[in-house]
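Data first, discussion second: the structure below is written as structure tokens.
Numbering (this note's numbering), first residue to last: 25 to 975.
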């Protein structure tokens, strides 16, 4: 069906209104937000005053951005029903998606002049002839929206007014989504939006890692206000103004009946009487939303219990010494072959394996049990039982839109792909100015988790994106003469402690005990609880049910598992440095938005230092490109191995640890990976620098960042880099199969080490060779064909990879160790691998997999140089002929696998449809869905920038 955009036509509106007489009163009022009316008539501000540019824009038309599917994320009930029936869209709901998608076909001929065919012009302000609407929610602020994208350009004459306008615009564009996310963070999603299994899973995913009481939330706000100096007080004043703006829009939308229609469909507001309420937002809701955003994109470390289990499996197979050696060769903490962001050899030692580990607390074999989370289930809890309500005929088109949950399962997996960056310093560009192409890879949602905005007011001057609900400041974007962005870093800021259990009466402890030893005192765990209940609604047919969520909080974090260590019962806890500090990063964002503070690379790095979550930050102005890795990196006790659980004793705690507010000593600025003026920078969630050890598995000889590094390195060697050429490099990498580009050459060397006599296999090998010679793309033959070039080779690789990995490693490792290692690192994350971290249709791919293991192992078989080799050679037990037999046997099975088996189909795609299986589908958070588009492994929000001048 062709994409339809724009406001409802009169014919369309009439068709919707005819659905039922009972809705005739509210729907005409709800068809559009009068606060976003076109800038015409007596109530409009003049174009000149609305378009006045208060600052000099040093980008001079050379800054672009994109955020699909579109700016508008609110849909009235009329909008939703029209969309469900007729496929129409609210204005600006889907008008950036086509340009974003078209880059797949268009990057080959891209020039600087053609960039705006695929991106928005992100210049400051709105030309007078491009103004679509102007809103003045207060006399000290205007919100001007442009005709092309509807992005809000917020200009305030006071700081309060500017932030109020930011909140008001967020309400206009993301009210329902913000409401969802504050309830997700508080562990109250099922009570708010329905008991669908997806909703149950989502609150069970996020709340246990950040359980708070209302007093805890308030304490975080107060600490920022009172302990972060003038900037802390200013940040909380800004946050309150932002909340005031949200609430002002919330009330106007409710009174005017143009609020999001999901409130009707979930039973919050009656469509006829308008009885019901959208609960007011509070400043503590920002902490709740920040805990979801930070936990999703800015965490790092953890997983030490699973790491311990795989280490134990290795030791059980090989013995302690050899088993540890084998495990370390898969752990790849500091692999010298890994691609790095700081590639000039500078070392930043952190989280390294100690020479003499002490305090490690490995569990006894077979003793580990995951902590129970859900209690007292009733009705549909834990099931998919449905009991559809009898919906009015007028609402039937939208019935069941949330039956699978408001956020589809797997959409917010903590390991989903997150962001890339390509920057080239001026000495290698055509203009002599740095060029940057960068952005966060945050998945594909409708509406998007982030929203575009421009903020201009006292002490604030920026355009870019912020996560909805915490958008007081632009979090990634551009200032007057600089731009910045981030990728998730994932360094180790989370540790696992083994707390020894006890009973207060002195009796013998068991694994079920709810007291523990804290500095030799038997101390009660704090029980954190959420009780949720739900009943079916029009939107979610899940039958009535309820349950209670329970987490035990200790001075060493939240209990995640129970086990025995040396026969003694323990609980394993997870402690991250950013717990109780969910919103502290607001200070760093405030600095990045302040043109009086951020003036150059050095001040940018100091601003980024004030962001507590684990991110890689990148910067470009007209003079230099720069990088800084942020995060609250704890100073660990000497001898502690951060990759494994540690005893909960004072000798092994973080230095200076105070559990009252979860504070400790942190590594200083100088010890964070950083750089200014390096020839180029790339990042795709790879390792940061030499000595900065990886927090998990999968950072070895092959990483998806190699797709960027090889291309940018070649551009730098050639010289004369432009915005278009750097964008082409990103776009080409975005449609490239990592396995085909980086590992297939070694596979083919082994296979071709002797003649392939089987005609069918030889044809398959030739198809793979042709695909590799063509760049290993997963790309349409022509725009809109929905058929891949080299489709047979792509299908063969998708079928071959899981077979060859298992056949290569499982015989040597044994089933137990192989399964334990695959639990720590999945073998594959191709776009077609729906079991991967992003689930199906998630865009991000090739972040996690065994490609580095396969690459090293095959080079060892071939006798090629390998730095930091695996402890054994696994393919064919190290023999070339035997390894070749293994590969050919699995290749034969892959060739025989029909497309319907390789691509089994789902609710969106028929079995065997290769293109559709890969394709990106925006995951609807409300009543509006969007067309399926080409797969791209690319940032969701993306900037292309080159500043020719500076203040």
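For every residue, glycine included, the Cβ atom is placed at its ideal position computed from N, Cα and C.
Quantities reported herein were computed from a predicted structural model and do not represent experimental measurements.
Tell me the start and end of each unbroken alpha helix (DSSP H) in the region 120-191 that is at least 4 residues and wholly inside, in chain order.
121-130
Segment limits, alpha helix (DSSP H) that includes residue 529
Position 505 of the chain shown, counted from the start, is the residue given in the question as residue 529. No alpha helix (DSSP H) contains residue 529, which DSSP labels as neither H nor E.
Member of 391, 900 and 95 whose CA lies at the smallest distance from the CA of residue 534
For the purposes of this step, residue 534 is identified with residue 510 of the chain shown, where counting begins at 1. Answer by Cα proximity: 391.
Taking the Cβ atom as the reference point for each residue, do residue 747 and residue 139 lie within a distance shorter than 8 Å?
For the purposes of this step, residue 747 is taken as the residue at position 723 of the chain shown. For the purposes of this step, residue 139 is taken as the residue at position 115 of the chain shown. Yes, Cβ-Cβ distance for residue 747 and residue 139 is below 8 Å.
If I follow the unbroken beta strand (DSSP E) through residue 488, where does it start and stop?
Locating residue 488 in the chain shown gives position 464, counting from the first residue. From DSSP, the beta strand (DSSP E) with residue 488 extends over 484-491.
Compute the Euclidean distance between the alpha carbons of residue 717 and residue 893, then round it to the nearest angstrom.
Position 693 of the chain shown, counting from 1, holds the residue named residue 717. Position 869 of the chain shown, counting from 1, holds the residue named residue 893. Those two C-alpha atoms are separated by around 17 Å.
Using 10 angstroms around the beta-carbon of residue 253, count the other beta-carbons present and answer buried if the total reaches 16, otherwise exposed.
As a working note, residue 253 is residue 229 in the chain shown. Exposed: under 16 other Cβ atoms inside 10 Å.
Residue 507 to residue 501 span [Cα, whole Å]:
Locating residue 507 in the chain shown gives position 483, counting from the first residue. Locating residue 501 in the chain shown gives position 477, counting from the first residue. Each residue's Cα considered, the two are about 6 Å apart.
Residue closest to residue 544, alpha-carbon to alpha-carbon, out of 671, 403, 87 and 504
Residue numbering aside, residue 544 sits at position 520 when the chain shown is read from its first letter. For the residues 671, 403, 87 and 504, the minimum Cα distance to residue 544 belongs to 671.
With distances taken Cα to Cα, identify the nearest neighbour of residue 710 among 548, 751, 757 and 511.
Residue numbering aside, residue 710 sits at position 686 when the chain shown is read from its first letter. Nearest option by C-alpha distance: 511.
First through last residue of the beta strand (DSSP E) which encompasses residue 850
Here residue 850 is taken as the residue at index 826 of the chain shown, counted from 1. Per DSSP, residue 850 belongs to no beta strand (DSSP E) and is neither H nor E.
Quick one: using the 10 Å Cβ neighbour count with 16 as the cut-off for buried, is residue 864 buried or exposed?
As a position in the chain shown, residue 864 is number 840, starting the count at 1. It counts as buried.
With DSSP as the reference, label residue 654 as helix, strand or coil.
For the purposes of this step, residue 654 is identified with residue 630 of the chain shown, where counting begins at 1. Reduced to three states, the DSSP call for residue 654 is strand.
Start-end ranges of the alpha helix (DSSP H) lying completely within the region 727-761, minimum 4 residues
729-742 and 747-758
To the nearest angstrom, how far is it from the Cα of residue 761 to the Cα of residue 805?
On the chain shown, residue 761 is found 737 positions in, with the first residue counted as 1. On the chain shown, residue 805 is found 781 positions in, with the first residue counted as 1. Cα to Cα, residue 761 sits roughly 16 Å from residue 805.
Return the residue from the list 880, 745, 926 and 622 that minimises the CA-CA distance to residue 974.
Here residue 974 refers to the residue found at position 950 when the chain shown is read from its first residue. Here the closest residue by C-alpha is 622.
Backbone secondary structure at residue 588 - three-state DSSP
Taking the chain shown and counting its residues from 1, one reaches residue 588 at position 564. The answer is strand: DSSP assigns residue 588 an E or B state.
Mark residue 54 as exposed unless 16 or more other C-beta atoms lie within 10 angstroms of its C-beta, in which case mark it buried.
The count along the chain shown starts at 1 and reaches residue 54 at position 30. With a pLDDT of 36 at residue 54, under the threshold of 50, the modelled position of that residue is not reliable, and the figure given next carries that caveat. Buried.
Do residue 504 and residue 619 count as a contact pair if the criterion is CB distance below 8 Å?
Working through the chain shown from its first residue, we reach residue 619 at position 595. Working through the chain shown from its first residue, we reach residue 504 at position 480. Yes. Within cutoff.
Which of helix, strand or coil DSSP assigns to residue 501:
Here residue 501 corresponds to residue number 477 of the chain shown, with the count starting at 1. In this structure, residue 501 counts as strand in the three-state DSSP scheme.
Taking three-plus beta-carbon pairs below 8 Å as touching, is the region 293-307 in contact with the region 586-594?
no
Who are the near neighbours of residue 394 in its chain, counting only those whose CB is closer than 6 Å to its CB and skipping five residues on each side?
Counting from 1 along the chain shown, the entry for residue 394 is found at position 370. Here the set comprises 585.
7 Å Cβ shell around residue 68 - same chain, five flanking residues per side excluded:
If you number the chain shown from 1, residue 68 lands on position 44. Low confidence applies here, because residue 68 scores a pLDDT of 33, under 50, leaving its location unreliable; read the following figure in that light. Here the set comprises 158.
What do you get for residue 971, buried or exposed, if any count of 16 or more other CB atoms within 10 angstroms of its CB means buried?
Here residue 971 refers to the residue found at position 947 when the chain shown is read from its first residue. Answer is buried; the Cβ neighbour count reaches 16.
What distance in whole Å lies between the Cβ atoms of residue 149 and residue 165, which are believed to be in contact at a cut-off of 8 Å?
Mapped onto the chain shown, residue 165 falls at position 141. Mapped onto the chain shown, residue 149 falls at position 125. Rounded, the Cβ-Cβ distance is 15 Å, inconsistent with contact.
Cutoff 6 Å; reference residue 335; Cβ partners in own chain excluding five residues on either side
Here residue 335 refers to the residue found at position 311 when the chain shown is read from its first residue. Contacts found: 351.
Which stretch, first to last residue, makes up the beta strand (DSSP E) that contains residue 601?
Sequence index remark: in the chain shown, residue 601 carries index 577 (1-based). It is not in any beta strand (DSSP E) - residue 601 carries neither H nor E in the DSSP assignment.
Taking only three categories from DSSP, how would you classify residue 403?
Here residue 403 refers to the residue found at position 379 of the chain shown. Looking at residue 403 - three-state DSSP - the assignment turns out to be strand.
Out of 264, 324 and 556, point me to the one whose CA is closest to residue 401's CA.
Within the chain shown, the letter at position 377 stands for residue 401. Residue 401 has its Cα closest to that of 556, out of 264, 324 and 556.
Under 8 Å between the Cβ atoms of residue 354 and residue 721?
Counted from its first residue, the chain shown places residue 354 at position 330. Counted from its first residue, the chain shown places residue 721 at position 697. Yes, the Cβ-Cβ distance between residue 354 and residue 721 is below 8 Å.
Just the Cα atoms here: how many angstroms apart are residue 569 and residue 320?
Along the chain shown, read from residue 1 onward, the residue named residue 569 stands at position 545. Along the chain shown, read from residue 1 onward, the residue named residue 320 stands at position 296. Those two C-alpha atoms are separated by around 28 Å.
Is residue 826 helix, strand or coil when you go by DSSP?
In the chain shown, the residue the question calls residue 826 occupies position 802. Reduced to three states, the DSSP call for residue 826 is helix.
Grab me the residues of residue 209's own chain with a C-beta within less than 6 Å of its C-beta, minus the 5 sequence neighbours each way, in chain order.
Working through the chain shown from its first residue, we reach residue 209 at position 185. Excluding residues within five positions, the ones whose Cβ falls inside 6 Å are 312, 313, 315 and 316.
Got a sec? Which residues, its chain only, sit under 7 Å from residue 1032 by beta carbon, not counting five neighbours each side?
This structure cannot settle anything about residue 1032, because the visible part of the chain is limited to 25 through 975.
Once DSSP output is grouped into helix, strand and coil, what is the label at residue 64?
Walking along the chain shown from the start, residue 64 turns up at place 40. The predicted model places residue 64 with a pLDDT of 35, which falls under 50 and marks its position as unreliable; any figure quoted below should be read in that light. In this structure, residue 64 counts as coil in the three-state DSSP scheme.
Rounded straight-line distance, which links the Cα of residue 128 to that of residue 785:
Within the chain shown, the letter at position 761 stands for residue 785. Within the chain shown, the letter at position 104 stands for residue 128. Using only the alpha carbons, I get a separation of about 31 Å.
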